[in-house]
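Chemist: One structure is given below, represented as structure tokens, and several questions about it will come after.
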Amino acid sequence: MEIWVNPACSKCRSAQSLLDEAGAEYTVRRYLDEPPTASEIDEVLRRLELQPWDIARTGEPAAVEIGMRKWPRTAAERDRWIEALVAHPILIQRPIITADDGTAVVGRTPEAVRSVLPSD
């Protein structure tokens, strides 16, 4: 299991606490220090069953600067969105947890985090 975090984010810290309490084994990826590639984002989106605009933080200053909110949310524009997330990883919603079973979640709620924990 891997969790993409921004250490300054309270939702990320909460998700890590829940994983720790559950005794989960996971790797932390500080995605601002080690930005994901386009192919990694594409793979995470596949696992999340979402599109890049679904995980974009369009209220961030970097998104406002590039006018992201006005971008079309279409298949033809998908790569543009992914490239923006690669160029500005701060725009990626967090935390994202990729589970060992191939699933993934945006772990913004305790329920979402618990959904990727292995059931005993």
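First residue of the sequence shown? That's 0 in numbering that gives the first Met the number 0, and the numbers climb one at a time after it.
Think of the CB as a built atom: it goes at the ideal place given N, C-alpha and C, for glycine as much as any other residue.
1. For Ile95, report the span of its beta strand (DSSP E) as first-last.
2. Leaving out five residues before and five after Arg68 in sequence, what residues of the same chain have Cβ atoms less than 6 Å from its Cβ?
3. Three Cβ pairs or more, each shorter than 8 Å: is that satisfied between the stretch 41 to 59 and the stretch 84 to 95?
4. Going by DSSP, what residues sit across from Glu1 in a beta bridge?
5. Among Ser16, Glu20 and Tyr25, which has the Cα closest to the Cα of Glu1?
6. Given Pro109, which residues of its chain have a CB within under 8 Å of its CB, disregarding the five upstream and five downstream residues?
7. Of all the options Pro71, Tyr30, Arg113 and Asp100, which has the alpha carbon lying nearest to the alpha carbon of Gln50?
8. If you draw a straight line from the C-alpha of Thr151 to the C-alpha of Val115, how long is it?
9. By a C-beta neighbour count over all protein chains shown, 10 Å radius and 16 as the cutoff for buried, is Gly22 buried or exposed?
10. Nearest to Asp100 by CA position, among Trp80, Glu64, Leu47 and Gln92, is which residue?
11. In whole angstroms, give me the CA-to-CA distance for Gln92 and Val105.
12. How is Ile91 classed by DSSP in three states: helix, strand or coil?
Modeler: In short:
1. Residue range Ile95 to Thr97 is occupied by the beta strand (DSSP E) that includes Ile95.
2. Scanning its chain for C-beta atoms nearer than 6 Å, with the 5 sequence neighbours on each side dropped, one finds around Arg68 the residues Thr57, in chain order.
3. Contact between the stretch 41 to 59 and the stretch 84 to 95 is established, with three or more Cβ pairs separated by less than 8 Å.
4. Paired residue(s): Thr26 and Thr97.
5. Closest option to Glu1, Cα to Cα, is Tyr25.
6. For Pro109, where only same-chain residues beyond five positions count, the Cβ hits under 8 Å are Ser13 and Leu17.
7. For the residues Pro71, Tyr30, Arg113 and Asp100, the minimum Cα distance to Gln50 belongs to Pro71.
8. A query on residue 151 cannot be resolved here, the shown segment of the chain reaching from 0 to 119 and no further.
9. Looking at its Cβ environment, which holds fewer than 16 other Cβ atoms inside 10 Å, Gly22 is exposed.
10. Ranking the options by Cα distance to Asp100, first place goes to Leu47.
11. Distance from the CA of Gln92 to the CA of Val105, rounded to the nearest whole angstrom, comes to 7 Å.
12. DSSP places Ile91 in strand when its eight states are reduced to three.
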